[in-house]
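Chains as they are written, first to last, in this note's numbering: chain A, 820 to 1062; chain B, 83 to 495.
Even for Gly, the Cβ is constructed at its ideal location relative to N, Cα and C.
Scroll down for the structure; my scribbles are underneath it.
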Amino acid sequence: MSALLKISGLRAAYGQIEALKGVDLTVGAGEIVALIGANGAGKSTLLMTICGRPRAAAGTIVFDGRDITNLQTFAIVRFGISQAPEGRRIFPRMTVLENLQIGATTAAPERFDRDRARVFELFPILGERRHQRGGTLSGGEQQMLAIGRALMSQPRLLLLDEPSLGLAPLVAKQIFGVIRAINAEEKITVLLVEQNAHHALRMAHRAYVLQTGSIVLSGTGAELLANEEVRAAYIEGGARGAA
Amino acid sequence: MMGAAPRLKDAGLAALVALALAFPLIGFETAESGVGFTTRFPWVAIAGAAVFAGRLLLGLLPQRFHLRQRASRSTAVSDGKFVKLAAAALIVFAVLLPVLPFASRRSIDLATLALIYVILGWGLNVVVGLAGLLDLGYVAFYAVGAYSFALAVQWFGLSFWEMLPLSGVTAATAGILLGIPVLRLRGDYLAIVTLGFGEIVRIVLNNWTSMTGGPNGIGDIPRPTVFGMPIAPGAPAGVTTFNHVIGIAYDPIQRLIWLYYVALAVALIINWFSLRIRRLPVGRAWEALREDEIACRALGLNPTTIKLSAFATGAMTGGFAGVLFAARAGFISPESFNFQESATVLSIVVLGGMGSQLGVALAAVILATLPEFGREFAQYRMLIFGAAMVAIMIWRPRGLFTVRAPSVRLDQT
């Protein structure tokens, strides 16, 4: 399997505070890779640094053989990396359809109808609500819209930041199902940040555990799911793990 | 709802505040002759009583108005039709205005001024209403448009029709020049910098006497010709007047009517352009930028070009308005381009409902003509103006027209 995304020695900081302290991570083409860790471990920072904000202080990010470390965010998206950012960040006063249109900014216009139909097939509720303003959707629907919007740019790598955050278990399960479907049917590679370690590890081909800015553990999803430390820190002691 | 006792207490408090304010403001009057002042405390008491009664009444009103607001929200679906009808009616009225019975020199001139404000409102609407960039120095582009027209006439002898598009270009360039340094700013910070830009332009115009004539301004600005033929009582040798060609006697009102129609045409073109551009990727990108800049970036939109295009488009529209303004007045000076103008145009956009073409047009007509209608009771003009603003902010806090029409519809999935 060839590496689609290869991160080596990545450092990033917010002012004086170093959030990433030399991260090495590889995402192979066609994989689902999960990134788990406690709050403040640097998971979201890692996703954002891939997208160029904050800038990498050291290290390289290579996507599909091309160094994207110093590119602007909007330019990185054009290479085929798309992000459903933390907190969904949909456009609240614009309709579902308009949100999808903006997601398709970098895509070939003639593919719009097909891509839109595919998003409505993955998330039928979005099709029903296509003329509804984004801000009036429920949390789960907004998350679906955020993912659908990210898919509209026809990405090869989809970055998902806590897609299950604040959702009812049933809705979260539905979203995880769709992520699997996207990966299996569209061959879109997924890098996923998740607090819900149990679900994430069950779904992921491989996973990394991030702790205070460094990767401390990596392996296949099943391996990490069976790992004593991981179970203690992130799964069984849910309350302890989140602290 | 409040009971009787708290309502009385609330009204009493308001009356106390009114008394405290009225005591120095109304209680004393400088003497007609000589030094010193006379007192008029009965008026202070009357003011206090009026505020007390008014506050009590206001407490009783809301029930009715809340109901009405809810009703209007539930009919939002049919609003699209209503907006279309209202817009069509307004356009028909605007086209017929010069032949209506009350058309006079004054009313047509006023209508032209109103159209200039409509154009300014639509221009600023792109920047503030669509792209969400708070611009307090919009008057700068109005001034750039007007001055580039006036200076081109003075130095190069260019005409209205040559300078109408060119002034748009110079104003758009000014928009980009302002845009580049403020790209990183948003909200309050952007507002302050644009405010400064507006002042800089005015002060430069005021002090660069050799170029702009300073406070004396520039006069003898020509009115628009009809296909190259002026509307005039007589013409110098070699020039045919339009009146001569169509064989009617000269009347000064003809110039006003022609300028009015030119302004109307410019306004309609800008309106058509604005409605179209909202459906194009660049218009959608402006709105997305207003909603969430970070999400825009994450979706591959370049905020730099989006902001610059919004600034340039808004500035270009302001430039067109400036040319029309200079042609209407025949004379411009820096005084016409003070902060007051920026504030008026911003109020037009806010009162009209940010992003709504019809709302902005209505607000522009109201704000431009209200001072004229108020002339009979000039003393109370500002009072009425203020009261109208407060009333809109209470009952229509998002502007006259708040319904945002989706830029795209799709009926089959």
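Worksheet item: Which residues, taken in chain order from the region 350–381 of chain B, show a beta carbon closer than 9 Å to some beta carbon of chain A?
Response: Within the region 350–381 of chain B, those residues whose Cβ lies closer than 9 Å to any Cβ of chain A are, in chain order, Pro363, Arg366, Ala367, Glu369, Ala370, Arg372, Glu373, Asp374, Ile376, Ala377, Cys378, Arg379, Ala380, Leu381.
Discussion item. Rounded to the nearest angstrom, what separates Glu114/B and Thr120/B at their Cα positions?
Written reply: Residue mapping note: residue 114/B aligns to position 32 of the second sequence, counting from 1. Residue mapping note: residue 120/B aligns to position 38 of the second sequence, counting from 1. Taking the straight line from one Cα to the other gives about 9 Å.
Worksheet item: Ordered along the chain, which non-local residues of its own chain (more than five positions away) have a Cβ less than 6 Å from that of Ala367/B?
Response: Residue 367/B sits at position 285 when you count from the first residue of the second sequence. Contacts found: Leu383, Ile388.
Discussion item. For Asp493/B, would you say it is in contact with chain A, using Cβ-to-Cβ distances shorter than 7 Å as the test?
Written reply: The residue you call residue 493/B lines up with position 411 of the second sequence. Judged by the 7 Å Cβ criterion, Asp493/B is not in contact with chain A.
Discussion item. Quick check on the DSSP output: the alpha helix (DSSP H) that includes Glu917/A runs from which residue to which?
Written reply: Here residue 917/A is taken as the residue at index 98 of the first sequence, counted from 1. 915–922 is the span of the alpha helix (DSSP H), which, as asked, contains Glu917/A.
Worksheet entry | Own chain, CB closer than 6 Å to Leu260/B, minus 5 neighbours either side, in chain order | As a position in the second sequence, residue 260/B is number 178, starting the count at 1. By the criterion of a C-beta distance shorter than 6 Å, Leu260/B is surrounded in its chain by Phe279, once the five residues flanking it on both sides are discounted.
Worksheet item: Run through DSSP, which three-state label would Asp886/A get?
Response: If you number the first sequence from 1, residue 886/A lands on position 67. If DSSP states are grouped into helix, strand and coil, Asp886/A belongs with the strands.
Discussion item. Could you check whether the Cβ of Val210/B sits closer than 7 Å to any Cβ belonging to chain A?
Written reply: Along the second sequence, one-based indexing puts residue 210/B at 128. The beta carbon of Val210/B does not come within 7 Å of any beta carbon belonging to chain A, so the residue lies off that interface.
Discussion item. Let's test the definition: count the other Cβ atoms within 10 Å of the Cβ of Phe175/B and tell me whether it reaches 16, buried, or not, exposed.
Written reply: Locating residue 175/B in the second sequence gives position 93, counting from the first residue. By the neighbour-count definition (other C-beta atoms within 10 Å, threshold 16), Phe175/B is an exposed residue.
Item to complete: With 7 Å as the threshold, decide whether the Cβ of Ser156/B is near any Cβ in chain A.
Response: Within the second sequence, the letter at position 74 stands for residue 156/B. Note that Ser156/B scores a pLDDT of 39, beneath 50, so its modelled location is shaky; the value from the coordinates is reported in the next line. Residue contact check for Ser156/B against chain A: no CB pair falls below 7 Å.
Item to complete: Within the same chain, show all residues whose beta-carbon is closer than 6 Å to that of Gly365/B, passing over the 5 residues directly before and after it, in chain order.
Response: Start at 1 with the first residue of the second sequence, and residue 365/B comes out as number 283. Excluding residues within five positions, the ones whose Cβ falls inside 6 Å are Ile359.
Practice prompt. Starting from Arg486/B, find everything on chain A with Cβ-Cβ shorter than 7 Å and list it in chain order.
Written response: As a working note, residue 486/B is residue 404 in the second sequence. Chain A residues near Arg486/B: Arg912.
Discussion item. Would Val516/B pass as an interface residue toward chain A - the criterion being a Cβ-Cβ separation below 7 Å?
Written reply: In the structure as shown, chain B begins at 83 and stops at 495. Residue 516/B is therefore absent and cannot be evaluated.
Worksheet item: Any residues in the region 384–418 of chain B with a beta carbon nearer than 7 Å to a beta carbon of chain A? Which ones, in chain order?
Response: Near chain A, meaning a CB-to-CB distance below 7 Å, the residues of the region 384–418 of chain B are Asn384.
Worksheet item: If Leu956/A and Arg935/A are in contact, beta carbons under 8 Å, what's the gap, nearest whole angstrom?
Response: Against the first sequence, residue 956/A aligns to sequence position 137. Against the first sequence, residue 935/A aligns to sequence position 116. Not quite, the Cβ-Cβ distance comes to about 17 Å (not below 8 Å), so this is no contact.
Worksheet item: So, helix, strand or coil for Arg952/A, using DSSP?
Response: Taking the first residue of the first sequence as position 1, residue 952/A is located at position 133. When secondary structure is reduced to three states using DSSP, Arg952/A falls in the strand class.
Worksheet entry | Lys840/A: first and last residue of the uninterrupted alpha helix (DSSP H) it sits in | Here the question's residue 840/A lines up with position 21 in the first sequence. Per DSSP, Lys840/A lies in no alpha helix (DSSP H) segment; the continuous beta strand (DSSP E) that holds it begins and ends at 836–847.
Worksheet item: What's the call for Ser418/B, buried or exposed, on a 16-neighbour Cβ count within 10 Å?
Response: For the purposes of this step, residue 418/B is identified with residue 336 of the second sequence, where counting begins at 1. Classification of Ser418/B: buried, given that the 10 Å Cβ count is 16 or more.
Practice prompt. Return the chain-ordered list of same chain residues with a C-beta closer than 8 Å to the C-beta of Leu338/B, the five sequence neighbours on each side being excluded.
Written response: Translated into positions along the second sequence, residue 338/B becomes position 256. Closer than 8 Å at the Cβ level, and outside the excluded window around Leu338/B, lie Arg187, Ile190, Asp191, Thr194.
Fill in: Neighbourhood of Leu272/B by C-beta distance below 7 Å, restricted to the same chain and skipping five residues each side
Locating residue 272/B in the second sequence gives position 190, where the first residue counts as 1. Cβ within range, chain order: Leu215, Leu216, Val264.
Practice prompt. Have a look at Glu850/A, Asp886/A, Gly959/A and flag the residue whose alpha-carbon is nearest the alpha-carbon of Cys870/A.
Written response: Stepping through the first sequence from its first residue, residue 870/A is reached at position 51. With respect to the C-alpha of Cys870/A, the residue from Glu850/A, Asp886/A, Gly959/A having the closest C-alpha is Asp886/A.
Worksheet item: With 7 Å set as the bound, which would you pick, yes or no: does the beta-carbon of Ser489/B sit closer than that to a beta-carbon of chain A?
Response: Here residue 489/B refers to the residue found at position 407 when the second sequence is read from its first residue. Chain A contact via Cβ: present.
Item to complete: Pair every Cβ in the region 230–245 of chain B with every Cβ in the region 299–314 of chain B, then say whether three or more of these pairs are closer than 8 Å.
Response: In short, these stretches touch, since the Cβ pair count reaches three.
Practice prompt. Please classify Gly449/B: does DSSP put it in a helix, a strand, or coil?
Written response: Along the second sequence, one-based indexing puts residue 449/B at 367. Reading off the sequence shown, one finds Leu at residue 449/B, where the question assumed Gly. DSSP places Leu449/B within a helical segment (H, G or I) once states are collapsed to three.
Item to complete: Rounded to whole angstroms, what's the CA-CA distance from Gln336/B to Tyr224/B? Just pull it up for me.
Response: Counting from 1 along the second sequence, the entry for residue 336/B is found at position 254. Counting from 1 along the second sequence, the entry for residue 224/B is found at position 142. Looking at the two C-alpha atoms, the distance is approximately 26 Å.
Discussion item. Counting beta carbon pairs with one atom in the region 1011–1028 of chain A and one in the region 980–993 of chain A, are three or more of them shorter than 8 Å?
Written reply: Contact between the region 980–993 of chain A and the region 1011–1028 of chain A is present: 3 or more CB-CB pairs across the two stretches fall below 8 Å.
Worksheet item: Does the region 967–976 of chain A come within contact of the region 902–919 of chain A, defined as at least 3 CB pairs closer than 8 Å?
Response: Counting Cβ pairs under 8 Å, three or more are found: they touch.
Item to complete: Kindly indicate if chain B contains any beta-carbon less than 7 Å away from that of His950/A.
Response: Position 131 of the first sequence, counted from the start, is the residue given in the question as residue 950/A. So, interface residue.
Worksheet item: Would the C-beta of Arg486/B count as close to the ligand HEM, meaning under 6 Å from any of its heavy atoms?
Response: Annotation note on the ligand HEM: not contained in the displayed structure, which lists no ligands.
Worksheet entry | Cβ-based contacts, 8 Å cut-off: residues of the region 906–930 of chain A near chain B | For the region 906–930 of chain A, the beta-carbon criterion of a distance under 8 Å to any beta-carbon of chain B is satisfied by Arg908, Ile909, Phe910, Pro911, Arg912, Met913, Thr914, Leu916, Glu917, Gln920, Ile921, Gly922, Thr924, Thr925.
Discussion item. With three or more C-beta pairs closer than 8 Å as the rule, is the region 317–325 of chain B touching the region 164–183 of chain B?
Written reply: With the cut-off at 8 Å, the region 164–183 of chain B and the region 317–325 of chain B do not touch.
Worksheet entry | Where the alpha helix (DSSP H) containing Phe242/B begins and where it ends | In the second sequence, residue 242/B corresponds to position 160, counting from 1. Per DSSP, Phe242/B is one residue of the alpha helix (DSSP H) stretching across 242–261.
Worksheet entry | Among Gly899/A, Leu945/A, Arg912/A, nearest to Thr1149/A - alpha-carbon criterion | In the structure displayed, chain A extends from 820 to 1062; residue 1149/A sits before or after that span and is not available.
Worksheet item: Quick one: is Val896/A near chain B, going by C-beta distance under 7 Å?
Response: Position 77 of the first sequence, counted from the first residue, corresponds to residue 896/A. Answer yes: the Cβ-Cβ gap between Val896/A and chain B drops below 7 Å somewhere.
Practice prompt. Grab the span of the alpha helix (DSSP H) containing Phe199/B for me, first residue to last.
Written response: Along the second sequence, read from residue 1 onward, the residue named residue 199/B stands at position 117. The amino acid at residue 199/B is misidentified as Phe; the sequence shows Tyr. Counting along the chain, the alpha helix (DSSP H) containing Tyr199/B begins and ends at 187–206.
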